[in-house]
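Chains as they are written, first to last, in the numbering used here: chain E, 1 to 116; chain H, 117 to 229.
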């Protein structure tokens, strides 16, 4: 089955700096890669996702890049703010990708702390 | 709309007892999922359902069962709880109009003593 590794497990940055979180996956058939943000005691919230037919996607201060050859993808947050502090999870879709139904495999999470 | 809801919010359960965690969505999503979240392990898929009447096993299905009698509800049952099932449980659903994107419920924190 799919295996997703996420690094680093913790990341501390100063407000205004950039933050980068990286994930690798094992199943070359995976074709959907979402990123979730989870604040303490809350549910995971989708913040951005990318499909295998594109190499990069941006949404304001966040961006995701995908390298299918190397089987890794990364989340980039620019101009970080204290409210960006949370746990971030990457995931990869295994199994029936491209249809309505998919089984996501998650990374272990990254605790991001943005210091004012 | 309420979106996706779970009940109870939290529960303390004695080992050996049974428990059903409830999950309801009003978005008419075909697919639903149950995950458990443990510190340092991220979210792991327990069971899933592609559509009403069908279910499948995820990564960690042992000790859990599910049913999908209709589109809206996807209950998760622990027949005989053990302490290792102490976790936070999240239900999720996905919209066939936006394939693969999953939306999560608020979670149930379960402690088995």
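Here a beta-carbon is modelled for each residue, glycine too, at the ideal position from N, C-alpha and C.
In this text the structure is predicted, and so the values were computed from the model without any measurement.
A Cβ of chain E is located within less than 7 Å of the beta carbon of residue 216 of chain H.
Per the C-alpha coordinates, the member of E:86, E:48, E:70, E:56 positioned closest to residue 217 of chain H is E:48. Not a single C-beta of chain E is nearer than 7 Å to the C-beta of residue 190 of chain H.
Within the DSSP secondary-structure output, residue 26 of chain E pairs in no beta bridge. Per DSSP, reduced to three states, the secondary structure at residue 200 of chain H is helical. In the DSSP assignment, residue 92 of chain E is bridged to E:105. If you draw a straight line from the Cα of residue 211 of chain H to the Cα of residue 116 of chain E, it is about 38 Å long.
Just measuring C-alpha positions, the residue of H:136, H:146, H:131, H:229 sitting nearest residue 187 of chain H is H:146. By the Cβ rule, the region 68 to 76 of chain E counts as touching the region 10 to 30 of chain E, because three or more pairs are nearer than 8 Å. Considering only H:160, H:124, H:142, H:191, the residue with the shortest C-alpha distance to residue 1 of chain E is H:160.
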